[in-house]
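Protein chains: 2
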Amino acid sequence: MARAAATADVFNAIAEPRRRAILDVLIGGEKAVGTIVDDLSLSQPQVSKHLRVLSEVGLVRSRADGRRRLYSVEPERLQPFHEWLAKYEQALNARLDRMDDYLKELQRQGDPQ
Amino acid sequence: MARAAATADVFNAIAEPRRRAILDVLIGGEKAVGTIVDDLSLSQPQVSKHLRVLSEVGLVRSRADGRRRLYSVEPERLQPFHEWLAKYEQALNARLDRMDDYLKELQRQGDPQ
DNA sequence: TTGACATATTCCAATATAGGAATATGATCT
DNA sequence: AGATCATATTCCTATATTGGAATATGTCAA
Chain A
33 MARAAATADV
43 FNAIAEPRRR
53 AILDVLIGGE
63 KAVGTIVDDL
73 SLSQPQVSKH
83 LRVLSEVGLV
93 RSRADGRRRL
103 YSVEPERLQP
113 FHEWLAKYEQ
123 ALNARLDRMD
133 DYLKELQRQG
143 DPQ
Chain B
33 MARAAATADV
43 FNAIAEPRRR
53 AILDVLIGGE
63 KAVGTIVDDL
73 SLSQPQVSKH
83 LRVLSEVGLV
93 RSRADGRRRL
103 YSVEPERLQP
113 FHEWLAKYEQ
123 ALNARLDRMD
133 DYLKELQRQG
143 DPQ
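Chains A and B supply the protein sequences, listed in that same order.
Using the working numbering, read the first sequence as starting at 33 and increasing by one per residue.
Using the working numbering, read the second sequence as starting at 33 and increasing by one per residue.
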């Protein structure tokens, strides 16, 4: 079997660095395809294809504006990331706590009171 | 050109669902390969290969324990992901604020004081 | 309608992948 | 040393991908 499709879920969609770059550009607000092309120095078809992927997983929306097409980021769709990451923050905090305890213990022992 | 390597960065490493599953299992603490195999009903080579990828991007560590090998999660390495996500929280909050202002404005106008 | 501009899609080649099967490596015990 | 258990690696196939070039679609203006 091959790797999962880029459109399989948000995790696969943001694995591609240029797609993250596009999202980063869109944080500034709604932008036309051509603007993204200029900002990132990517080819127009490349940008359109990446936008399609982002669109399929719901990370961006688009609306027509004359002959242009304005894309904007849909930050609500980042929810899965938040949820997933939250689990590891707990693990991380627990670890930091243990580290803290350890350091305190060292300090206590080193202290010839 | 082909897709970026799974070992290219954390983003690519966690794009694969089974790798996320493995990380999830490891949140519970250090575990041997065989334990992961049992917990997730994956093949042993599959798990070893995924662990290798996770290891290469630093998301897991391993230490020898007799003939077993214990893996643990290294949540600090999710920092890039965390930072990336933080940018979008700001964008999201800004958007919610604007929405809030808009709603208040509507309310104010609708209020025949 | 014709032309110009903006974006999307198709076709192609090269590549990295995930999983399965078989096998190699490493460690422990007798 | 030999057997066994635990894990890692190699070889293979099928597949999805990214980027480039060319082209199609869609929209506005004269």
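Quick reminder that beta carbons are idealized off the backbone N, C-alpha and C, glycines included.
{"Check": "Could you name the residues of the segment 99-113 of chain B whose beta carbon sits closer than 8 Å to any beta carbon of chain A, in the order they occur along the chain?", "Outcome": "V105, P107, E108, L110 and F113"}
{"Check": "Would you list the residues sitting across from L102(B) in a DSSP beta bridge?", "Outcome": "A64(B) and R95(B)"}
{"Check": "Does any CB atom of chain A fall closer than 8 Å to the CB of L124(B)?", "Outcome": "yes"}
{"Check": "Below 8 Å CB to CB, which residues in the same chain sit around A37(A) once its five sequence neighbours on both sides are set aside?", "Outcome": "N44"}
{"Check": "Go ahead and label H114(A) buried or exposed: buried means 16 or more other beta carbons lie within 10 angstroms of its beta carbon, across all protein chains shown.", "Outcome": "exposed"}
{"Check": "For L164(A) and chain B, any beta-carbon pair shorter than 8 Å?", "Outcome": "Here chain A has residues from 33 to 145 only, and residue 164(A) is not among them."}
{"Check": "Against chain A, with Cβ distances strictly below 8 Å, would S95(B) count as a contact?", "Outcome": "One point to set straight first is that residue 95(B) is Arg, not Ser, in the sequence displayed. It does not; no Cβ of chain A falls within 8 Å."}
{"Check": "Using the beta-carbon count (16 or more within 10 Å), is Q145(B) buried or exposed?", "Outcome": "Here Q145(B) scores only 46 on pLDDT, less than 50, and its place in the model should not be relied on; the value that follows carries that caveat. Q145(B) is exposed by the Cβ-count criterion."}
{"Check": "Are the beta-carbon atoms belonging to R50(B) and V85(B) less than 8 Å from one another?", "Outcome": "no"}
{"Check": "Could you run through the segment 62-79 of chain A and flag, in chain order, every residue whose CB is less than 7 Å away from some CB of chain B?", "Outcome": "none"}
{"Check": "Would you mind working out which of E121(A), G60(A) and G98(A) sits nearest Q111(B), comparing C-alpha positions?", "Outcome": "E121(A)"}
{"Check": "Just the C-alpha distance for L55(B) and R109(B), rounded to the nearest angstrom, thanks.", "Outcome": "12 Å"}
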